[in-house]
Amino acid sequence: MKNRFVLFTHEHLFRSIRVVGVTSIHPPRFPYETRLGLPAFKMNQLEEFKPDLVQLFSPASLGWTGITYKMRHPEVPLIANFQTDIASMSGEFGYGAVEAIVWWLLKASNQLT
1 MKNRFVLFTH EHLFRSIRVV GVTSIHPPRF PYETRLGLPA FKMNQLEEFK PDLVQLFSPA
61 SLGWTGITYK MRHPEVPLIA NFQTDIASMS GEFGYGAVEA IVWWLLKASN QLT
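Numbering follows my numbering, with no gaps: position 93 of the sequence shown is 93.
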């Protein structure tokens with residue numbers, strides 16, 4: 001069986017794989033390279049692809065598309081890794097008012113993976 005891979009990201013990083021672009025934003029006061037992929041719910045592309053596994057590189061924001069897919073397809077394994085501590089960064093970069101909300105969202109997504 002030929003390996004298949006689809007990447008959902010805000011940048012076209014590789015030419016040998018299918019890339020589904022999503023809108024992303026740069027939160028003011030965050031480091032320039034920090035972007036949040038908006039949960040555009042590209043479900044039609046994900047449904048068409050029919051993944052054997054869904055990996056969330058960040059369950060925040062864009063990760064909710066993968067979580068929604070998992071809820072619709074409980075037989076498909078869902079794994080998540082946390083590369084950026086977006087909740088703590090919220091407080092460090094002047095968004096302390098939303099830090100507790102971000103932690104709640106991350107905990108909720110962790111319970112689904």
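Note that beta-carbon positions come from the ideal geometry of N, C-alpha and C, so glycine has one too.
Just so it is clear, the structure is predicted and the values come from calculations on it, not from any experiment.
- Under a 10 Å Cβ-count criterion, Leu78 is classified as buried, with 16 or more other Cβ atoms of the shown protein chains found around its own Cβ.
- For the region 47-98, the full-length alpha helix (DSSP H) segments reaching 4 residues or more read 63-72, 86-92 along the chain.
- Distances from the alpha-carbon of Lys42 to those of Val19, Val102, Ala100 put Val19 closest.
- Looking from the CA of Ser109, the closest CA among Thr68, Val76, Ile25, Gly94 belongs to Thr68.
- Scanning its chain for C-beta atoms nearer than 8 Å, with the 5 sequence neighbours on each side dropped, one finds around Ser90 the residues Gly96, Val98, Glu99, Val102, in chain order.
- Taking 8 Å as the upper bound for CB-CB distance, Pro28 and Thr34 are not in contact here, some 11 Å apart.
- In this structure, Gly66 sits away from Leu53, with a CB-CB distance that is not shorter than 8 Å.
- In the three-state reduction of the DSSP assignment, Val102 falls in the helix class.
- Between the beta-carbon of Leu36 and that of Lys70 there is about 20 Å, and that puts the pair past the 8 Å contact cut.
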